[in-house]
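Numbering (the working numbering), first residue to last: 258 to 451. Ideal Cβ placement from N, Cα and C applies to all residues, glycine included. The structure presented is a predicted model; accordingly, all values stated were derived computationally and were not measured.
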Amino acid sequence: MNALIFHIGAPEDYDEWVRLQKGQPGAEQWAFKEFNNYIKRFETFHSSPDYPQVDSSLRGTSGPIQTGYFGHVSKGTKKFIDACTKVGLVRSSDVNTHRGTMGVTKASTSRFLLGITFLPDYMRHAMLARKNLKVITHAHATRILFDTSGQALRAVGVEFSHGRGQKFRVKAKKEVVVSSGAVHSPQILMLSGI
258 MNALIFHIGA PEDYDEWVRL QKGQPGAEQW AFKEFNNYIK RFETFHSSPD
308 YPQVDSSLRG TSGPIQTGYF GHVSKGTKKF IDACTKVGLV RSSDVNTHRG
358 TMGVTKASTS RFLLGITFLP DYMRHAMLAR KNLKVITHAH ATRILFDTSG
408 QALRAVGVEF SHGRGQKFRV KAKKEVVVSS GAVHSPQILM LSGI
């Protein structure tokens, strides 16, 4: 299902992950304040005159994913929001900020409510021409490679399978980004010993 919805987790969830890691090296990077910097790099937020209460200064401005509040709010949704307000639930103007997750309309990834495709939207021509990028199709990440020589565990690369199961390893110069969806991201982390 792709409903073009762009919602991040509740800020409290990210901060809870830090608490659950009980001071382990790198745990603080999961705090919402830190993690939100990556989220902002991921999006270009488009403000809408229909949603003047949304503070666009809290959102990203130059990422590859176009986001905003573009959708129609049905009469039923308006009545539901009003009912929630009447019983004391505070409405958040923007679910994708530190201001919380209560009573908000959906944020979308398309100004035109159309689907997006991978190549034109994410892999722009200039990006594909970069010397430090190689796109490999039909590859499957099998685990994250770590440097365990220091005090903190540090991701340094990825192992992946390609073709008939042959495994390859690639090193990262700066960072490793796990972006394999709600099911496969945790699976890769588990296969990596996390």
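Straight across, the Cα-Cα distance linking Arg411 with Gly280 is about 15 Å. Sequence-distant partners of Trp274 (beyond 5 residues in either direction) whose C-beta falls short of 6 Å from its own C-beta, in its chain, are Trp287.
Val275 sits in a helix when the DSSP states are folded into three classes. For the pair Thr354 and Arg426, the Cα-to-Cα distance works out to about 36 Å. Approximately 5 Å separates the beta-carbon atoms of Ala396 and Phe417; this is inside 8 Å, confirming the contact. Rounded to whole angstroms, the gap between the alpha carbons of Gly320 and Leu385 is 16 Å. Comparing alpha-carbon positions, the option among Ala340, Leu390, Tyr326 lying closest to Val352 turns out to be Tyr326. If only complete runs of 4 or more residues are kept, the segment 264–341 shows the alpha helix (DSSP H) at 268–277, 289–299, in order along the chain.
DSSP places Ala386 in the coil class of the three-state scheme, outside both helix and strand. Check the Cα spacing between Leu448 and each of Gly407, Phe403, Tyr271: the tightest is with Phe403.
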